[in-house]
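In the UniProt record's numbering, the protein residues as written are 1 to 182. All C-beta atoms, glycine included, are put in the ideal place defined by N, C-alpha and C. What you are looking at is a predicted structure, and each value in this text was computed from that prediction instead of being measured. See structure below.
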Amino acid sequence: MNGSERIELLIDPGTWGAMDKDMVSMDPIEFHSEEEPYKDRIDSQKKKTGLTEAIQIGICQLNGISIAIGIMDFQFMGSSMGSVVGEKIIRLIEYATNRSLPLIIVCASEGARMQEGSLSLMQMAKISSASYDYQSNKKLFYVAILTSPTTGGVTASFGMLGDIIIAEPNAYIAFVGKRVIE
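Here it is as structure tokens:
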């Protein structure tokens, strides 16, 4: 199930208000591999999926209650967490904090986006810090929904920080993905 299908399934019809949908990844470290350049890969993923990034964030209603929600989409680069995914999640958490909204994040990821190096890894700490303020200082409610797969930096940070953590049946949830283990 892709992110747009999850949005349609989870929220009250007609209540979706997307946030930061024009925020897109650049190529901050000018990463090149034997495959296509990172910038070209991002462009091809945008065309293939119709998304601008691996997460959609927004405000909506669930059973008539206003909530902040983020939905990761595995179809966009394995829903890897780069600087834009991290920034979008942080902005969503801060928005929810400032308006005292419940927060739901639907997690799916193969981990950190290696093409962004340490900028990708920094997102774990930044998101955890924003989550701490939201949960511990403001005493607000966060639900993490883990889909298959949820691994790497997402598992090591916000995926396991929910006040309630729900996993889909038979979801692959791990610190390290299958390819790394093999």
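Strand pairing of Leu62, partner residues [DSSP]: Looking at the DSSP assignment, Leu62 forms a beta bridge with Ile65.
On the criterion of 16 or more Cβ atoms from any shown chain inside 10 Å, does Glu116 qualify as buried, or is it exposed? buried
To the nearest angstrom, report how far apart residue 188 and Pro169 are at their CA atoms. Limits of the chain in this structure are 1 at one end and 182 at the other, which puts residue 188 out of reach.
In its own chain, which residues sit with a C-beta less than 7 Å from the C-beta of Ala130, not counting the 5 before and 5 after it? Ile90, Ile93 and Glu94
Is it buried or exposed for Pro149, if we count other Cβ within 10 angstroms and need 16 for buried? buried
What's the C-alpha gap between Ile67 and Ala144? Rounded to the nearest angstrom, the two C-alpha atoms are 13 Å apart.
Apply the 10 Å Cβ neighbour rule to Leu101 and answer buried if 16 or more other Cβ atoms are within range, or exposed otherwise. Buried, since its Cβ has 16 or more Cβ neighbours within 10 Å.
Pick from Ile55, Gly82, Ala125 and Leu103: whose alpha carbon is nearest that of Asp163? Leu103
Range covered by the beta strand (DSSP E) that runs through residue 186: No answer is possible for residue 186: it lies beyond the span of the chain, which begins at 1 and ends at 182.
Taking the C-alpha atoms as reference points, what is the distance between Val84 and Gly64? 30 Å
So, are the CB atoms of Ser79 and Val24 less than 9 Å apart? no
Comparing the C-beta of Pro102 with each C-beta of chain D, is any distance below 9 Å? Among the protein chains of the structure shown there is no chain D, as only one such chain exists.
List, from N- to C-terminal side, the alpha helix (DSSP H) runs of 4 residues or more that fit wholly inside the region 79-132. 83-99 and 118-132
Let me make sure I understand the geometry here. Which of Ala112, Met77, Gly58 and Met72 has the alpha-carbon closest to that of Lys48? Met77
Below 9 Å between beta carbons: does that hold for Ile57 and Leu10? No, Cβ-Cβ distance for Ile57 and Leu10 is not below 9 Å.
DSSP-derived helix/strand/coil call for Ile42: helix
Where does the unbroken alpha helix (DSSP H) through Ile7 begin, and where does it stop? Under the DSSP assignment, Ile7 falls in the alpha helix (DSSP H) whose first and last residues are Gly3 to Leu10.
Report buried or exposed for Asp73, applying the criterion of at least 16 other Cβ atoms within 10 angstroms of its Cβ. buried
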